[in-house]
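K.L.:
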Amino acid sequence: TTTLSQRCRYQVRERETMQHNYTTFHNKVNNYYTERIRSRDERYFWTLYNIIVALSSLLGDTTILIATIKWKAIKLHRVIVVVIQHLAVCDLLLTTFHVIPTIISLIADDWVFGQSLCHLQETVDWLCFPMTGALTCVLTLSKLIIVKFPLKTGTWSRKRAHVVCGMVWVLNVVSPVHVIHIFYTDSDTIFFSYVSYSCNFDLSLTRAPGWLQKSAHISMLVSLAVVFIILALSSALLLFEARKTAMRQRASLRWQGVVTVIMTTAVFIISWCPNLLVGTTSLTLSVHYNISTWRTTQFLLNLNIMANFFVYTLTVPSFRETLRSRFQTAAGKVGQLRTPPGEGIRHFGGVT
Numbered sequence: 206t207t208t209l210s211q212r213c214r215y216q217v218r219e220r221e222t223m224q225h226n227y228t229t230f231h232n233k234v235n236n237y238y239t240e241r242i243r244s245r246d247e248r249y250f251w252t253l254y255n256i257i258v259a260l261s262s263l264l265g266d267t268t269i270l271i272a273t274i275k276w277k278a279i280k281l282h283r284v285i286v287v288v289i290q291h292l293a294v295c296d297l298l299l300t301t302f303h304v305i306p307t308i309i310s311l312i313a314d315d316w317v318f319g320q321s322l323c324h325l326q327e328t329v330d331w332l333c334f335p336m337t338g339a340l341t342c343v344l345t346l347s348k349l350i351i352v353k354f355p356l357k358t359g360t361w362s363r364k365r366a367h368v369v370c371g372m373v374w375v376l377n378v379v380s381p382v383h384v385i386h387i388f389y390t391d392s393d394t395i396f397f398s399y400v401s402y403s404c405n406f407d408l409s410l411t412r413a414p415g416w417l418q419k420s421a422h423i424s425m426l427v428s429l430a431v432v433f434i435i436l437a438l439s440s441a442l443l444l445f446e447a448r449k450t451a452m453r454q455r456a457s458l459r460w461q462g463v464v465t466v467i468m469t470t471a472v473f474i475i476s477w478c479p480n481l482l483v484g485t486t487s488l489t490l491s492v493h494y495n496i497s498t499w500r501t502t503q504f505l506l507n508l509n510i511m512a513n514f515f516v517y518t519l520t521v522p523s524f525r526e527t528l529r530s531r532f533q534t535a536a537g538k539v540g541q542l543r544t545p546p547g548e549g550i551r552h553f554g555g556v557t
């Protein structure tokens, strides 16, 4: 009897806790309800924009993985190809857990997935968005070293590249922000933002010690600044070294790899610069921006998710030719299925 009564009390406390968490979560949603999109046309525009991002990423990044693993279609240095694969995986995670729920939230004009998925989406965002910047740095620095020391880097293997990328993933996971996510985040700190129509968390309301919160803020600002500095300097040095190598070797340098890396870096900077500018000026100079400006900077980040497929299609001839040949082969097979047997093209009285 005692055991049964204890079990009943435990179940009652569990239901009360779940109800409290649910109520707290939706109260936070309602507090941010004034930031929702009031114009139907604007909401339709951002919905269509994110649908294009999702389709481009799902089809494009999946094609990139198949093309690099199975078809060997991207004829670049093996280290660059490995980093491209990790970027594609990161973009697919963001598309699955960030962009698609955002599309549904824009259509419903509300968050409909509950608190658990809200926490999952916010965790993936804080993991993968910084990861794209870190991997882009690895991409640019790797290409710079390859151009600068072609003989020494000729022996670099795919395994070594995967190890380096894996270390970057691990370092990103153990950052102070993610330590707070794992051990100190609860229902009182997570909310659905009507600015970006995605979930976020308030770092200042977590149960983390003050020193850990400060280190998280500092690490976020420093890491973002370091990413932009590394990308700017390494891109400039890469162009300088590539030009010098081309002049020394009389234009024997393969520019497709350099152009691919530079364009990938440029897309990242273009998609992140407005967010960095607005965030920095609002914090340091107390500049006040309207909700539409904040929303635009948040959605511009998604450009980096969808762009890589188009960059590689434009800059890597082997990738472009492989896609063309595969498409022609698939179109030919579809045409054969539609043509009845024995009814080919009539030529000189016969069937060909």
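So in my numbering, spot 146 of the sequence shown is number 351, and the numbers just go up one at a time. The beta-carbon is built from N, C-alpha and C at its ideal position, and this holds for glycine as well. Nothing here was measured: the structure is a model prediction, and the numbers come from that model.
1) What three-state label does DSSP hand threonine 244 in the structure shown?
2) Looking only at its own chain, which residues have a Cβ that is under 6 angstroms from the Cβ of leucine 505, when we skip the five neighbours before and after it?
3) Give the DSSP-derived three-state secondary structure of arginine 424 in the structure shown.
4) Rounded to the nearest angstrom, what separates tryptophan 460 and tryptophan 331 at their Cα positions?
5) In three-state DSSP terms, what is phenylalanine 445?
6) Could you check what DSSP says for isoleucine 257 in three-state terms: helix, strand or coil?
7) Under the three-state reduction of DSSP, which class applies to serine 401: helix, strand or coil?
8) Let me know the secondary structure DSSP gives isoleucine 285 once reduced to three states.
9) May I ask you to list the residues that DSSP assigns as paired with phenylalanine 396?
10) Are the CB atoms of alanine 447 and valine 463 nearer to each other than 8 angstroms?
11) Count the other C-beta atoms from every protein chain shown that fall within 10 angstroms of the C-beta of tryptophan 316, then say buried if there are 16 or more, exposed otherwise.
12) Could you have a look at aspartate 296 and say whether DSSP puts it in helix, strand or coil?
13) Comparing alpha-carbon positions, which option in Thr470, Thr498, Val472 lies nearest leucine 482?
14) Is the beta carbon of isoleucine 474 sitting closer than 8 angstroms to the one on leucine 443?
15) Among Gly415, Trp416, Ser321, whose alpha-carbon lies nearest the alpha-carbon of cysteine 404?
16) For histidine 231, which three-state DSSP category applies?
17) Please determine, among Phe445, Lys277, Gly319, Val375, the residue with the shortest C-alpha to C-alpha distance to isoleucine 395.
18) Cα separation between isoleucine 510 and serine 262?
19) Going by DSSP in three states, asparagine 377 sits in which element: helix, strand or coil?
20) Would you identify the three-state DSSP class for aspartate 266, choosing helix, strand or coil?
21) In or out: aspartate 407 buried (at least 16 other Cβ within 10 Å) or exposed?
22) Please specify which runs of the beta strand (DSSP E), each continuous and at least 3 residues long, are wholly inside the segment 458-527, giving them in chain order.
23) What separation, rounded to the nearest whole angstrom, lies between the Cα atoms of valine 472 and isoleucine 256?
24) For leucine 488, count the other beta carbons within 10 Å of its own beta carbon; 16 or more makes it buried, fewer makes it exposed. Which is it?
25) Apply the 10 Å Cβ neighbour rule to threonine 486 and answer buried if 16 or more other Cβ atoms are within range, or exposed otherwise.
26) If you measure from the beta carbon of glycine 537 to each beta carbon in chain B, is any gap under 8 angstroms?
27) Out of Ala413, Leu508, Ser401, Leu376, point me to the one whose CA is closest to isoleucine 309's CA.
P.N.:
Here's the rundown:
1) For the purposes of this step, residue 244 is taken as residue 39 along the sequence shown, with counting starting at 1. It is worth fixing the name first, because residue 244 is serine in this sequence and not threonine. Three-state result, serine 244: coil.
2) Working through the sequence shown from its first residue, we reach residue 505 at position 300. Correct list, in chain order: Ser476, Pro479.
3) What you label residue 424 is simply residue 219 of the sequence shown in a count that begins at 1. As written in the sequence, residue 424 is serine, which differs from the arginine given in the question. Here serine 424 sits in helix by DSSP.
4) Translated into the one-based positions of the sequence shown, residue 460 becomes position 255. Translated into the one-based positions of the sequence shown, residue 331 becomes position 126. Using only the alpha carbons, I get a separation of about 34 angstroms.
5) Residue mapping note: residue 445 aligns to position 240 of the sequence shown, counting from 1. In this structure, phenylalanine 445 counts as helix in the three-state DSSP scheme.
6) For the purposes of this step, residue 257 is identified with residue 52 of the sequence shown, where counting begins at 1. Three-state DSSP puts isoleucine 257 in a helix.
7) Here residue 401 corresponds to residue number 196 of the sequence shown, with the count starting at 1. Residue state, collapsed to three classes: coil.
8) Your numbering for residue 285 matches position 80 in the sequence shown. When DSSP states are grouped into helix, strand and coil, isoleucine 285 belongs to the helix group.
9) Working through the sequence shown from its first residue, we reach residue 396 at position 191. Asn405, per the DSSP bridge assignment.
10) Taking the first residue of the sequence shown as 1, we reach residue 447 at position 242. Taking the first residue of the sequence shown as 1, we reach residue 463 at position 258. A contact, by the Cβ cut-off of 8 angstroms.
11) By 1-based counting over the sequence shown, the position of residue 316 is 111. The residue is buried, with at least 16 neighbouring Cβ atoms inside 10 Å.
12) The count along the sequence shown starts at 1 and reaches residue 296 at position 91. Here aspartate 296 carries a helix assignment [DSSP, helix/strand/coil].
13) Residue mapping note: residue 482 aligns to position 277 of the sequence shown, counting from 1. It is Thr498.
14) For this step, residue 474 is matched to residue 269 along the sequence shown. For this step, residue 443 is matched to residue 238 along the sequence shown. At a Cβ-Cβ threshold of 8 angstroms, isoleucine 474 and leucine 443 do not count as neighbours.
15) By 1-based counting over the sequence shown, the position of residue 404 is 199. Of the candidates Gly415, Trp416, Ser321, the one whose C-alpha sits nearest the C-alpha of cysteine 404 is Ser321.
16) Taking the sequence shown and counting its residues from 1, one reaches residue 231 at position 26. Summary for histidine 231: the model assigns pLDDT 46, below 50, so the residue's position carries little reliability; its value from the coordinates is reported in the next sentence. In the three-state scheme derived from DSSP, where H, G and I count as helix and E and B as strand, histidine 231 is classed as helix.
17) As a working mapping, residue 395 is identified with position 190 in the sequence shown. Checking every option, the nearest Cα to that of isoleucine 395 belongs to Gly319.
18) Within the sequence shown, the letter at position 305 stands for residue 510. Within the sequence shown, the letter at position 57 stands for residue 262. CA-CA distance, isoleucine 510 to serine 262, rounds to 6 angstroms.
19) Counting from one through the sequence shown, the residue named residue 377 turns up at place 172. The three-state reading of DSSP puts asparagine 377 in helix, counting H, G and I together.
20) Within the sequence shown, residue 266 is the residue found at index 61, counting from 1. Helix, per DSSP.
21) What you label residue 407 is simply residue 202 of the sequence shown in a count that begins at 1. Looking at its Cβ environment, which holds fewer than 16 other Cβ atoms inside 10 Å, aspartate 407 is exposed.
22) Whole beta strand (DSSP E) segments, 3+ residues: zero.
23) Counted from its first residue, the sequence shown places residue 472 at position 267. Counted from its first residue, the sequence shown places residue 256 at position 51. Straight across, the Cα-Cα distance linking valine 472 with isoleucine 256 is about 19 angstroms.
24) Indexing the sequence shown from 1 puts residue 488 at position 283. When all chains shown are included, leucine 488 counts as exposed.
25) By 1-based counting over the sequence shown, the position of residue 486 is 281. It is exposed - the Cβ of threonine 486 has fewer than 16 other Cβ atoms within 10 Å.
26) Note that chain B does not occur in the displayed structure, where there is just one protein chain.
27) For the purposes of this step, residue 309 is identified with residue 104 of the sequence shown, where counting begins at 1. Check the Cα spacing between isoleucine 309 and each of Ala413, Leu508, Ser401, Leu376: the tightest is with Ser401.
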